[in-house]
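Peer 1: Residue numbers (full-length UniProt numbering), protein chains in the order written: chain S, 1 to 246; chain X, 1 to 246.
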DNA sequence: CTTGCATTTAGTGTCGGACACAAAGCCCGT
DNA sequence: ACGGGCTTTGTGTCCGACACTAAATGCAAG
């Protein structure tokens, strides 16, 4: 039976500072884009030295709650996905998650992304996807380029669904999984073609606003990927490549 | 076209320190549990002052890569979920995501969690879930307690599936969504009973190792939740309560 | 020789002051 | 009015210092 909020250990000054500013941001007293006073002034406000205050700021900065557009300006940051993506990616890397775990989840996220994209994607976005797909076709056989384009394709597809929660959740997972293509491509060269087929079918389904078909093809696409992983014997291999993050 | 790794801006000493130690951890030169030297020694190693080094440490600490079990001991941390959960939760809060977005994703994660739990959960875990469920039944009508127990139920269910990726991805989302029960309960008192029914059916399915049935009941459970949200008119409301995080 | 307590010691958290360097603002001569 | 040089302001880094506490050590009693 734990209470709602737990202030817990707050002896340390730098921690209190970070917590206080964080609270102000969450509470809405400070809004993304707002500029904060200089370090000297802030330090004065909180009654600590600059050194101490700076430690608190570092923490907020690395939490992505504030950032410095120029060294001169310290402002409240708008949370950005890639920030979280690296964090989760690192965590999963350290946890040594397997391809199986990544795949099980991706089997849900990508079909959902495709479905939502079919429902909400605009004409322009579909056209953008189409031209991206053209690049992919042209890059057949070029592994690294294909991976990069594939990541891009799926990320854009997810963005089209107008669901930021899905975008946030799937990005780090999909990234890690798709990167595994590097290890399966040598075993299954024909997967280039199957990927191209799947992508173009997804695009066609989007054009028809056929959510079911989009979802189905996305599912088949990811299933295909799994077959490749099986051929390469990766099912329970650890999915990284720590230096892939850096 | 972006290259793979981008070291980018690294003029700042504290940043370089954080990056270097992070790299050592990711690379495996430092493993979770390893103790690091004292600040003075580290500062000497990197050729900076303690103040500067400390700023780097703060950053690593807030990244969850190192932590202090006692103020005296600084060691490489094992990445823990709740760390990421607060981060993502905060991000979604600031993004002002809607219940709809949360629900759409949860409609995928919880059924998958139930399915995997049916496949991999141990007898002990199922019993644990059962007694948790008993508490929930006893708490019928007590909103806050019910919410807390519900969160716990679903988290445990997810843990049973032996998929850490799913656990990581769903936790912050489910937390935010379920907390919305606080706003729907007043409108739909009968949902206490429906929740109890769903949970006990899920448990029964787990006992029978019936993945399909477990998945189905989980889906119905979340659908029910959505109906409640509709009754309360929350569909496109912002899902928080910033102080729910604290 | 082991155990319990007091003491030393090492290390963290915080302070205050200081300086170089860069950007933002200001001033002035043409 | 305008551009270039000067001043101001603020960050990044350094240095030295001190209180407080937890770990290590030494000492005394069993």
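Backbone N, C-alpha and C define an ideal beta-carbon position, used for all residues, glycine too.
So, helix, strand or coil for residue 230/X, using DSSP?
Peer 2: It is helical.
Peer 1: Per DSSP, what are the beta-bridge partners of residue 133/S in this structure?
Peer 2: According to DSSP, which records beta bridges pairwise, residue 133/S is partnered with nothing at all.
Peer 1: Give a yes or no on whether the C-beta atoms belonging to residue 248/S and residue 105/X are separated by under 8 Å.
Peer 2: Residue 248/S lies beyond the stretch modelled for chain S, which goes from 1 to 246, so this question has no answer here.
Peer 1: Taking residue 203/X as the reference, give the member of 187/X, 157/X, 108/X, 146/X with the closest Cα.
Peer 2: Ranking 187/X, 157/X, 108/X, 146/X by Cα distance to residue 203/X puts 157/X first.
Peer 1: Throw me the rounded Cβ distance for the residue 152/X and residue 166/X pair, which I believe falls under 8 Å.
Peer 2: Between residue 166/X and residue 152/X the Cβ distance is about 17 Å, and since that is not below 8 Å, they are no contact.
Peer 1: Closest to residue 145/X by CA distance: which of 116/X, 179/X, 160/X, 79/X is it?
Peer 2: Checked all of 116/X, 179/X, 160/X, 79/X; the closest Cα to residue 145/X is 179/X.
Peer 1: When the distance is taken between beta carbons, is residue 52/X closer than 8 Å to residue 13/X?
Peer 2: Cβ atoms of residue 13/X and residue 52/X: closer than 8 Å.
Peer 1: Taking the alpha-carbon positions, what's the residue 191/X to residue 147/X distance?
Peer 2: In a straight line, the C-alpha of residue 191/X is about 12 Å away from that of residue 147/X.
Peer 1: For residue 154/S, name the three-state secondary structure that DSSP assigns.
Peer 2: DSSP places residue 154/S in helix when its eight states are reduced to three.
Peer 1: Taking the continuous alpha helix (DSSP H) assigned at residue 79/S, which residues delimit it?
Peer 2: Looking at the DSSP string, residue 79/S is not in any alpha helix (DSSP H), and its letter there is neither H nor E.
Peer 1: Please report the distance separating the alpha-carbon of residue 122/X from that of residue 160/X.
Peer 2: Those two C-alpha atoms are separated by around 8 Å.
Peer 1: Could you have a look at residue 148/S and say whether DSSP puts it in helix, strand or coil?
Peer 2: Helix at residue 148/S.
Peer 1: At a Cβ threshold of 8 Å, is residue 87/X touching chain S?
Peer 2: Yes, residue 87/X lies at the interface with chain S (some Cβ there is under 8 Å from its Cβ).
Peer 1: For residue 171/X and residue 69/X, I'd like the C-alpha separation in whole angstroms.
Peer 2: Spanning the two alpha carbons is a distance of roughly 25 Å.
Peer 1: Taking the continuous alpha helix (DSSP H) assigned at residue 108/S, which residues delimit it?
Peer 2: 99-120 is the span of the alpha helix (DSSP H), which, as asked, contains residue 108/S.
Peer 1: For residue 11/S, name the three-state secondary structure that DSSP assigns.
Peer 2: Coil.
Peer 1: Taking 7 Å as the line, does the beta carbon of residue 219/S fall inside it for any heavy atom of the ligand NAP?
Peer 2: By its list of ligands, the structure shown contains no ligand whatsoever, and the ligand NAP lies outside what it can speak to.
Peer 1: Does any CB atom of chain S fall closer than 8 Å to the CB of residue 70/X?
Peer 2: Taking Cβ atoms only, chain S never reaches closer than 8 Å to residue 70/X, which makes this a no.
Peer 1: Just curious, the alpha helix (DSSP H) that residue 165/X is in, first and last residue?
Peer 2: Its alpha helix (DSSP H) spans residues 164-178.
Peer 1: What's the C-alpha gap between residue 124/S and residue 221/S?
Peer 2: Spanning the two alpha carbons is a distance of roughly 23 Å.
Peer 1: Quick one: does residue 114/S have its CB under 8 Å from some CB of chain X?
Peer 2: No, because no Cβ of chain X sits closer than 8 Å to the Cβ of residue 114/S.
Peer 1: Output needed for residue 185/S: all residues of its chain with C-beta closer than 6 Å, excluding positions within five of it in sequence on either side, in chain order.
Peer 2: Closer than 6 Å at the Cβ level, and outside the excluded window around residue 185/S, lie 143.
Peer 1: Name the DSSP beta bridge partners of residue 35/X, please?
Peer 2: Answer is 75/X, bridged to residue 35/X.
Peer 1: Can the beta-carbon of residue 223/S be found closer than 8 Å to that of residue 229/S?
Peer 2: Contact flag unset, no.
Peer 1: Any beta-carbon of chain X closer than 8 Å to the one on residue 238/S?
Peer 2: So no, residue 238/S is outside the interface.
Peer 1: Smallest Cα separation from residue 117/S: which of 231/S, 205/S, 66/S, 149/S?
Peer 2: Of the candidates 231/S, 205/S, 66/S, 149/S, the one whose C-alpha sits nearest the C-alpha of residue 117/S is 205/S.
Peer 1: For residue 150/S, tell me which candidate among 187/S, 74/S, 199/S has the shortest Cα-Cα distance.
Peer 2: Of 187/S, 74/S, 199/S, the residue nearest in Cα terms is 199/S.
Peer 1: Residues of the stretch 187-207 of chain S in Cβ contact with chain X at a cutoff of 8 Å, in chain order, please.
Peer 2: Under the 8 Å Cβ criterion, the stretch 187-207 of chain S contributes no residue.
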